[in-house]
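For what it's worth, our numbering labels the leading residue of the sequence shown as 31, then goes sequentially. This report refers to the structure that appears directly beneath it.
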Amino acid sequence: MKQIEAIIAWTPVRWAALKPETAGQVVVLPAPDAEGVAKRYMMRAGASSSALAALSDEARIARLFIDFQTLVVRDGIDPQTAHRAFLAIDEYRFRIAPDTEGAEFEDPPEED
31 MKQIEAIIAW
41 TPVRWAALKP
51 ETAGQVVVLP
61 APDAEGVAKR
71 YMMRAGASSS
81 ALAALSDEAR
91 IARLFIDFQT
101 LVVRDGIDPQ
111 TAHRAFLAID
121 EYRFRIAPDT
131 EGAEFEDPPE
141 ED
């Protein structure tokens, strides 16, 4: 799904006492979140923020990787757990190192 359509929801590891059922977990959901799944998590980013739509394409991509860094470094989400969840976002898959599991080419290179 496109970044502008994706809700990123997670619960920091340090908040395990508040939300033990989702602590250390992250999900990427399509917006709108009709079933309210994101509400089971303490934090949300992505399409749940009206400011995202106002950003340039480059600023949105930067925001995506800043959100990833925040989840992993500040909130203790396992990097591979975050990576697997973020693979649902097209812009993430197209911009990670091409030899990373799950990476894709937006415009695949021509084969010889």
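Where a beta carbon is used, it is the ideal one built from N, C-alpha and C, also for glycine. Quantities reported herein were computed from a predicted structural model and do not represent experimental measurements.
So, at 7 Å on beta carbons, what are the nonlocal neighbours of Ala75 in its own chain, with the 5 sequence-adjacent residues on each side left out? Ile38, Asp97
Is Thr130 near the ligand SAH - that is, is its Cβ less than 6 Å away from at least one heavy atom of it? Judged by which ligands are present, the structure shown has none, so any question about the ligand SAH falls away.
For Glu35 and Val102, what's the separation of their Cα atoms in angstroms? 22 Å
For Gln99, count neighbouring Cβ atoms within 10 angstroms of its own Cβ and tell me buried if that reaches 16, exposed if not. exposed
What first and last residue would you give for the beta strand (DSSP E) that runs through Arg44? Looking at the DSSP string, Arg44 is not in any beta strand (DSSP E), and its letter there is neither H nor E.
Quick one: using the 10 Å Cβ neighbour count with 16 as the cut-off for buried, is Phe116 buried or exposed? buried
Reference Arg90; option with closest CA among Thr41, Pro60, Arg125, Pro109: Arg125
Under 7 Å between the Cβ atoms of Ala112 and Val56? yes
Backbone CA spacing between Met31 and Leu48 [nearest angstrom]: 30 Å
Hey, how far is the Cα of Thr130 from the Cα of Trp45? 30 Å
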